[in-house]
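Asker: Protein chains in written order, with the working numbering: chain A, 1095 to 1223; chain B, 1095 to 1223; chain C, 1095 to 1223; chain D, 1095 to 1223; chain E, 1095 to 1223; chain F, 1095 to 1223.
One structure coming up, written as structure tokens, with questions to follow.
There are 6 protein chains.
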Amino acid sequence: MTETGTATVSEREQHGAEVMRTLGIDPNAVIAGVAPLDERFGHTIVEYIFGDIVGRPELDLRTRQLATLAILTTLGGCEPQLETHLRATLRAGATRAEIVALLTHVAAYAGIPKVMNALGVAKRVLPPA
Amino acid sequence: MTETGTATVSEREQHGAEVMRTLGIDPNAVIAGVAPLDERFGHTIVEYIFGDIVGRPELDLRTRQLATLAILTTLGGCEPQLETHLRATLRAGATRAEIVALLTHVAAYAGIPKVMNALGVAKRVLPPA
Amino acid sequence: MTETGTATVSEREQHGAEVMRTLGIDPNAVIAGVAPLDERFGHTIVEYIFGDIVGRPELDLRTRQLATLAILTTLGGCEPQLETHLRATLRAGATRAEIVALLTHVAAYAGIPKVMNALGVAKRVLPPA
Amino acid sequence: MTETGTATVSEREQHGAEVMRTLGIDPNAVIAGVAPLDERFGHTIVEYIFGDIVGRPELDLRTRQLATLAILTTLGGCEPQLETHLRATLRAGATRAEIVALLTHVAAYAGIPKVMNALGVAKRVLPPA
Amino acid sequence: MTETGTATVSEREQHGAEVMRTLGIDPNAVIAGVAPLDERFGHTIVEYIFGDIVGRPELDLRTRQLATLAILTTLGGCEPQLETHLRATLRAGATRAEIVALLTHVAAYAGIPKVMNALGVAKRVLPPA
Amino acid sequence: MTETGTATVSEREQHGAEVMRTLGIDPNAVIAGVAPLDERFGHTIVEYIFGDIVGRPELDLRTRQLATLAILTTLGGCEPQLETHLRATLRAGATRAEIVALLTHVAAYAGIPKVMNALGVAKRVLPPA
């Protein structure tokens, strides 16, 4: 393992990359997307976010992804990430009906407007019922 | 069914009250806690939040509760609600390890400080491992 | 009254629909906009948000609408809802000058950037002075 | 008028101080509260926040104060400011019932938990019904 | 000095206008941009934000601007302001590498999604490495 | 290097621990504080937050810490973290006057109430002028 910018990557980054692929997110695309600004930060996302947090076994990926949708909806202004994670949540095994139920659930705790924004993205991204 | 302030309650409010009891939250305590300020608002919480949103069958209560913890952690400043919902999430069938994994999951998307606050509440509220 | 998905609606939903029409918001358009994802959630908005909260008589609609603009501006990222509610606030009887004063008032408590975003929407939506 | 730290204050700061007194907030207490850290910042609050924003005539103080309660509730974590502004809103002419209606109104747009926090402060601060 | 709407401006507004020009922001464009809605508010921004807060000598402009980027990224939904302040931060003397390091620093405390949004703006606005 | 729960730690975690000590934050206390809930998460904070983000050389620690104060003030509800990071910012070389100027700077972009909360913590934590 070397720290950064070399051909070898840590085991944890490899684990993170696998988790991302399971979710239908291309780790190399994330790394390449940030690389014009910063060589290391994309690797940090793969290694740390997906290898050391999302990829831990204590909680299943489907529940994690539904929680991620709840967080992104609550934060607001994260429409591009919602789009990626709506697809990833389907890949993790949640159904369209579960995802919609999750998004409307957020209304109770974070209000209607944030949910309407998320439903707007869901309408474009989710497959027809 | 009558609209408000009478002895009879709507079927939906009855359903909401049952959902709350399943989660170990006393609907009458919520109504009584708000009543000195407003007679109706506590009923609105029972009827709509728990009867018309949380209590819908499309998503199981355990996943809903884990999502609620994610939302409350992301919002911040909701320590009293976190305390109630940490207990409710255990009641809904999530394990201590799943709850902790959910709280640390939030760090990826909403940052470390909000998570540290939530873990501080969890340390007080969750049963020992 | 039946719970959902039938021809009859609760008295409270009827009240909510009237409040929405007073504000120039079409309740059927809201219900139809969400229906491809969820049959019930649009009704929940009409019945609960407008029938059981916004439509209560303790506070006048003009003040409620100005407060709604303050909330949406503070939340941020709610430009589509701001557009709807700027028009609704005019319908509720607030003047253009009052609305602009309300939006700039938010700067003191939630900062300049959120207000600049809201003023950008207001410039498009409000009638000329 | 001199810029800062002298005996004379600008007309705008005098106007801001009057607005604060109308609301039952002591401008000298605000200035003195911040002075151990910064001589100027308290004057900035009096002069600009209350003299140049809150004190403008385009919108009445009662509506402004109700909007301020909506903003503070939406922001969350502003319990000390809520306490001050609940009293100020009564001074500006809003009734207890209007204030409670405003706080519950926020639930529609920013969710229940923030409102429960604000109602907790209101229960302590508002006079009995 | 007169209060508002006249040809003369306060010394503090003149100071604010100079600070803005140092940062490459045109004070007259800001005033003119808001003027169709409100004659005074643009002047408040120049005088109060830039003359009485940003323009104070206790902290250098480069550090202030990097902090402003951190605040705007944390708030979210402030892409237009980020664009302006990314350019202003370069004008204040920060390097491209420092700005990117600042934006990725925010990830630790406010999460990855807000940072990805800010990096998206930075990729468009910052000069090539 | 091994992944977790063993005696050896990665080079990056060692680097993170050094950065924390430079800031007067005890890495072992952070790890021990979280350990009753989760063995790994404290290490994640040391290794990734301080080793892979805060500890990168592209931006100096003093500027990073001032930005961290800006982020925590903007988030709100992070008073315990503000207390830790106010001390850390002094350790990183910022003066009391610079820290106060940074906190009041936030008012322009995130509003007065969040800043008043942060100044309240600063009054307790910062050494006398």
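Note that CB positions come from ideal geometry on N, CA and C, so glycine has one too.
Beta-carbon within less than 7 Å of Ala-1186 of chain A's beta-carbon, same chain only, minus the 5 sequence neighbours each way: which residues are those?
Answerer: If we look at Ala-1186 of chain A and ignore the five residues flanking it on each side, its Cβ neighbours are Leu-1117, Leu-1155, Arg-1156, Gln-1159.
Asker: Just to check my reading of the structure: Ala-1212 of chain A and Leu-1197 of chain A have Cβ atoms closer than 8 Å, yes? What is that Cβ distance to the nearest angstrom?
Answerer: Between Leu-1197 of chain A and Ala-1212 of chain A the Cβ distance is about 5 Å, and since that is below 8 Å, they are a contact.
Asker: Whose C-beta lies closer than 6 Å to the C-beta of Ile-1143 of chain D among residues of the same chain, with five residues either side of it excluded?
Answerer: Once the five neighbours on either side are set aside, Ile-1143 of chain D has no close Cβ partner at all.
Asker: Quick one: using the 10 Å Cβ neighbour count with 16 as the cut-off for buried, is Lys-1208 of chain D buried or exposed?
Answerer: With 16 or more other Cβ atoms within 10 Å, it is buried.
Asker: Decide yes or no for the touch test of the segment 1159 to 1173 of chain C against the segment 1199 to 1208 of chain C: beta carbon pairs closer than 8 Å, at least 3 of them.
Answerer: In short, these stretches touch, since the Cβ pair count reaches three.
Asker: Are Arg-1106 of chain D and Gly-1170 of chain D close, meaning C-beta to C-beta below 8 Å?
Answerer: No, these two residues do not count as a Cβ contact at 8 Å.
Asker: So within the segment 1162 to 1212 of chain E, which uninterrupted alpha helix (DSSP H) runs reach at least 4 residues, ignoring any that extend past its ends?
Answerer: Segments of the alpha helix (DSSP H) lying fully in the segment 1162 to 1212 of chain E: 1173 to 1185, 1190 to 1204.
Asker: Determine, for Lys-1195 of chain D, whether the minimum Cβ-Cβ distance to residues of chain C falls below 8 Å.
Answerer: Going by the sequence as given, residue 1195 of chain D is Ala instead of Lys. For Ala-1195 of chain D, the answer is yes, since a Cβ of chain C falls inside 8 Å of its Cβ.
Asker: Between which residues of its own chain and Val-1215 of chain A is the CB-CB distance below 8 Å, once the five residues before and five after are set aside?
Answerer: If we look at Val-1215 of chain A and ignore the five residues flanking it on each side, its Cβ neighbours are Glu-1173, Leu-1176, Glu-1177, Leu-1180.
Asker: Just to confirm before moving on: does the CB-CB distance between Gly-1110 of chain B and Val-1124 of chain B stay below 8 Å?
Answerer: Not closer than 8 Å, so no.
Asker: Just to confirm, is the Cβ distance from Glu-1152 of chain E to Ala-1195 of chain F under 8 Å?
Answerer: Result yes, Cβ atoms of Glu-1152 of chain E and Ala-1195 of chain F sit closer than 8 Å.
Asker: At what residues does the alpha helix (DSSP H) containing Ile-1119 of chain F begin and finish?
Answerer: Premise fails: Ile-1119 of chain F is in no alpha helix (DSSP H) and is neither H nor E.
Asker: At a cut-off of 7 Å, is Arg-1150 of chain B close to the ligand FAD when judged by its beta-carbon and the heavy atoms of the ligand?
Answerer: For the ligand FAD, the structure offers nothing, since it holds no ligand at all.
Asker: If the cut is a Cβ gap below 7 Å, which residues of chain B does Thr-1162 of chain C touch?
Answerer: Those do not exist, as Thr-1162 of chain C stays about 17 Å from chain B at its closest Cβ, beyond 7 Å.
Asker: For the alpha helix (DSSP H) that contains Gly-1149 of chain E, what are its first and last residues?
Answerer: Careful: Gly-1149 of chain E lies outside any alpha helix (DSSP H) and carries neither H nor E.
Asker: Quick check on Val-1128 of chain F: does DSSP put it in helix, strand or coil?
Answerer: Val-1128 of chain F: helix per DSSP, three-state reduction.
Asker: Given a threshold of 16 other Cβ atoms within 10 Å of its Cβ, counted over all protein chains shown, does Ala-1188 of chain C qualify as buried or as exposed?
Answerer: Label assigned to Ala-1188 of chain C: buried.
Asker: Arg-1115 of chain A to Gln-1108 of chain A, Cα distance in whole Å?
Answerer: So the alpha carbons of these two residues sit roughly 11 Å apart.
Asker: Looking at chain F, is there any beta carbon in it that lies within less than 8 Å of the beta carbon of Ala-1206 of chain C?
Answerer: Here residue 1206 of chain C is Ile; the residue named in the question, Ala, does not match the sequence. Cβ-Cβ to chain F under 8 Å: yes for Ile-1206 of chain C.
Asker: Looking only at its chain, what residues have a beta carbon closer than 8 Å to the beta carbon of Asp-1120 of chain F, apart from the 5 residues adjacent to it on each side?
Answerer: Once the five neighbours on either side are set aside, the close Cβ partners of Asp-1120 of chain F are Met-1114.
Asker: How should Arg-1150 of chain A be labelled, buried or exposed, when 16 other C-beta atoms within 10 angstroms of its C-beta is the threshold for buried?
Answerer: With 16 or more other Cβ atoms within 10 Å, it is buried.
Asker: Whole-angstrom Cβ separation of Ile-1206 of chain C and Ile-1139 of chain E, contact assumed at under 8 Å?
Answerer: Going by Cβ atoms, the distance from Ile-1206 of chain C to Ile-1139 of chain E rounds to 6 Å, so yes, they are a contact pair.
Asker: Closer than 7 Å, Cβ to Cβ, to anything on chain C: give me those residues from the segment 1199 to 1223 of chain F, in chain order.
Answerer: Cβ contacts with chain C: Ala-1202, Tyr-1203, Ala-1204, Gly-1205, Ile-1206, Pro-1207.
Asker: Can you name the residues of chain A whose CB is closer than 8 Å to the CB of Val-1148 of chain B?
Answerer: Ordered by position in chain A, the residues that pass the 8 Å Cβ test against Val-1148 of chain B are His-1199, Ala-1202.
Asker: Using CA coordinates, which residue listed in D:Glu-1141, D:Ala-1126, D:Ala-1204 is at the minimum distance from Thr-1168 of chain D?
Answerer: Nearest option by C-alpha distance: D:Ala-1204.
Asker: Could you check whether the Cβ of Val-1124 of chain E sits closer than 8 Å to any Cβ belonging to chain F?
Answerer: Chain F contact via Cβ: absent.
Asker: So what's Leu-1153 of chain C in DSSP terms, helix, strand or just coil?
Answerer: Coil.
Asker: Could you give the DSSP three-state label for Leu-1160 of chain C: helix, strand or coil?
Answerer: If DSSP states are grouped into helix, strand and coil, Leu-1160 of chain C belongs with the helices.
Asker: Taking C-beta pairs closer than 7 Å, name the residues in chain B that Arg-1158 of chain A reaches, listed in chain order.
Answerer: Ordered by position in chain B, the residues that pass the 7 Å Cβ test against Arg-1158 of chain A are His-1199.
Asker: If the cut-off is 8 Å on Cβ atoms, which residues from the segment 1102 to 1133 of chain E count as contacting chain C, listed in chain order?
Answerer: Here the close residues are Val-1128, Pro-1130, Leu-1131, Asp-1132.
Asker: Name the residues in the segment 1180 to 1192 of chain F whose C-beta lies less than 8 Å from a C-beta of chain E; which are they?
Answerer: Those would be Ala-1191, Glu-1192, in chain order.
Asker: Can you tell me which of the three DSSP states Val-1113 of chain C falls into?
Answerer: Three-state DSSP puts Val-1113 of chain C in a helix.
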